[in-house]
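Whatever position you read off the sequence shown (first residue = 1), add 172 for the numbering used here.
Ideal Cβ placement from N, Cα and C applies to all residues, glycine included.
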Amino acid sequence: MKKINIINLGCAKNLVDSEIVKGGLVDNEFQYVNNVEQAEIVIINTCGFILSARQESIDAIMEIVKMKQENKLKKVIVMGCLSDRFEQELKIAIPEVDKYFGTNQMSEVIKYLSSNNKKYEPIYNRSLMTKPHYAFIKISEGCSNNCSFCSIPIMRGKQVSRLINDILKEAKYLVEKKHIKELIVIAQDTTTYGYDLKENIRLFDVLKELDKISKVKWIRLHYTHPDHFDERIIDLISKAKRIIPYIDIPFQHVNEKILRKMNRKGNANKFKKLINKLRNRIPKLILRTTFIVGFPGETDEQFSELYNFIKEIKFERLGVFKYSEEQDTAAEKFEDDVSEKIKEERLNKIMKLQQKISLEFNKKLVGTTQNVLIDEYDKNSRVAYGRTYMDSPEIDNSVIIEKKLTEGEIYKIKINDYMEYDLFGEK
Numbered sequence: 173m174k175k176i177n178i179i180n181l182g183c184a185k186n187l188v189d190s191e192i193v194k195g196g197l198v199d200n201e202f203q204y205v206n207n208v209e210q211a212e213i214v215i216i217n218t219c220g221f222i223l224s225a226r227q228e229s230i231d232a233i234m235e236i237v238k239m240k241q242e243n244k245l246k247k248v249i250v251m252g253c254l255s256d257r258f259e260q261e262l263k264i265a266i267p268e269v270d271k272y273f274g275t276n277q278m279s280e281v282i283k284y285l286s287s288n289n290k291k292y293e294p295i296y297n298r299s300l301m302t303k304p305h306y307a308f309i310k311i312s313e314g315c316s317n318n319c320s321f322c323s324i325p326i327m328r329g330k331q332v333s334r335l336i337n338d339i340l341k342e343a344k345y346l347v348e349k350k351h352i353k354e355l356i357v358i359a360q361d362t363t364t365y366g367y368d369l370k371e372n373i374r375l376f377d378v379l380k381e382l383d384k385i386s387k388v389k390w391i392r393l394h395y396t397h398p399d400h401f402d403e404r405i406i407d408l409i410s411k412a413k414r415i416i417p418y419i420d421i422p423f424q425h426v427n428e429k430i431l432r433k434m435n436r437k438g439n440a441n442k443f444k445k446l447i448n449k450l451r452n453r454i455p456k457l458i459l460r461t462t463f464i465v466g467f468p469g470e471t472d473e474q475f476s477e478l479y480n481f482i483k484e485i486k487f488e489r490l491g492v493f494k495y496s497e498e499q500d501t502a503a504e505k506f507e508d509d510v511s512e513k514i515k516e517e518r519l520n521k522i523m524k525l526q527q528k529i530s531l532e533f534n535k536k537l538v539g540t541t542q543n544v545l546i547d548e549y550d551k552n553s554r555v556a557y558g559r560t561y562m563d564s565p566e567i568d569n570s571v572i573i574e575k576k577l578t579e580g581e582i583y584k585i586k587i588n589d590y591m592e593y594d595l596f597g598e599k
């Protein structure tokens with residue numbers, strides 16, 4: 173059996189693609205190994221979203237190519253967003269790579285390595301690379317929003333929604349056969365799901381059907397869009413049995429002029445109305461958002477509007493990115509750049525504010541009892557790490573418990589201490 177390893181870079185949507193490739197190769201009698209030192213073939217699934225992600229991908233390719241040159245590997249395969257967008261440049265710059273593949277070419281990767289042209293069904297062959305108790309479920313590919321700063325439509329094309337029956341088949345397979353406790357619904361914009369389909373099917377319909385899967389414990393919603401929020405989803409989440417009150421809704425900015433330059437709608441007042449509506453109608457709601465600082469032309473006053481908005485709203489979970497100029501996007505033509513120094517200062521100022529907000533939020537949880545899903549137990553330190561419904565894996569907070577607990581199980585944990593981004597509890 174040929175030994176393979178996959179290095180996955182970038183977002184959860186990339187991870188799903190890697191899992192499909194892994195599953196297809198294992199199904200074709202390849203052996204998956206957990207580190208590159210054991211592998212004969214290494215596949216690198218690249219990210220090309222922003223400059224730092226592209227650099228990380230190139231560094232990873234160069235490191236693995238070096239191993240091949242030292243005869244430690246037989247083949248190096250590169251796939252994903254960076255490969256899709258810059259294939260010709262990469263072929264010239266790094267010819268040692270055996271084959272380059274773009275996005276949505278998972279079947280081609282499998283066929284190339286296995287020399288097997290049989291029909292491949294990713295729904296039932298996907299091999300998870302997350303913890304064994306949670307999985308991402310991708311409901312559409314690509315994006316049709318055309319935000320001026322974003323290169324996703326260039327790399328992944330316009331939105332293509334999956335058929336609802338395929339989504340439900342995969343979800344039931346993951347829950348019933350793989351024993352998944354938590355399903356995380358993802359797409360570039362989950363709230364525009366179905367806009368491209370002939371049938372009048374929307375995200376509401378997908379969530380309503382997913383909520384009927386009895387064996388799943390948590391269904392988490394990511395990557396919604398403030399312009400496309402369906403009223404029916406608000407009522408559904410408030411009454412659902414399994415859809416938890418956690419919504420990821422990236423606002424990107426709140427100043428109306430900056431948002432127009434981003435090719436997005438809205439303003440601070442409009443967003444406040446949406447947030448108040450969500451919080452008033454969904455009990456115990458946790459809101460995660462992201463913002464971009466240093467967008468071309470962002471003035472001190474416009475940044476202050478964003479800062480004060482965050483200070484007033486007090487998001488439970490928040491991330492900030494510095495604007496990164498992307499080739500071939502509309503924003504690339506803007507000439508009123510903000511310096512890296514100012515971008516860094518603005519990012520740090522918001523994160524310092526958010527640290528304080530998070531600390532205050534966590535303090536209020538002391539003395540409460542929370543359902544905690546255990547992600548990991550460290551045998552050496554005898555410490556278990558878990559998450560409440562308020563936290564998505566890898567990006568949000570953890571609950572730390574000094575006791576042996578079973579990974580993938582949900583326990584009642586009493587919170588007895590806190591830090592900015594962690595809680596401490598006991599069973």
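*Have a look at the DSSP bridge pairing and note the partners of phenylalanine 493.*
Ile464
*For tyrosine 306 and lysine 513, the rounded distance between their alpha carbons*: 39 Å
*So which of Ile485, Glu484, Leu490, Ser511 has the shortest CA-CA distance to glutamate 497?*
When only C-alpha atoms are compared, the closest one is Ser511.
_Own chain partners of proline 455 with C-beta closer than 6 Å, once the 5 adjacent residues on each side are dropped_ = none
*Integer-rounded CB distance, given that serine 320 should sit under 8 Å from alanine 502*: A Cβ-Cβ separation of about 4 Å places alanine 502 in contact with serine 320 under the 8 Å criterion.
*Under 8 Å, do proline 398 and phenylalanine 376 count as touching if we go by C-beta distance?*
no
*asked:* According to DSSP, is isoleucine 587 part of a helix, a strand, or is it coil?
replied: strand
*Run the proximity test for glycine 314: is its beta-carbon closer than 7 Å to any non-hydrogen atom belonging to the ligand GDP?*
Among the components of this structure there are no ligands whatsoever, and the ligand GDP is therefore not found.
*Is DSSP giving phenylalanine 363 helix, strand or coil here?*
First, the residue type needs correcting, since residue 363 is threonine and not phenylalanine in the sequence shown. Three-state result, threonine 363: helix.
*Take alanine 232 as the anchor and find which of Ile573, Asn569, Asn180 has the nearest alpha-carbon.*
Asn180
*asked:* With DSSP as the reference, identify every bridge partner of threonine 540, one or two as the case may be.
replied: Partner(s): none; threonine 540 has no beta bridge.
*Classify glycine 252 as helix, strand or coil using the three-state DSSP reduction.*
strand
*Report buried or exposed for methionine 251, applying the criterion of at least 16 other Cβ atoms within 10 angstroms of its Cβ.*
buried
*Taking the Cβ atom as the reference point for each residue, do isoleucine 585 and glutamine 542 lie within a distance shorter than 8 Å?*
yes
*Taking the CB atoms as reference points, tell me whether isoleucine 447 and tyrosine 418 lie closer together than 8 Å.*
no
_Please state whether the Cβ-Cβ distance between aspartate 368 and threonine 396 is less than 8 Å._
No. Outside cutoff.
*Are the region 517-524 and the region 550-562 touching, with three or more C-beta to C-beta distances below 8 Å?*
no
*How about serine 287 and valine 198: are their beta carbons less than 8 Å apart?*
no
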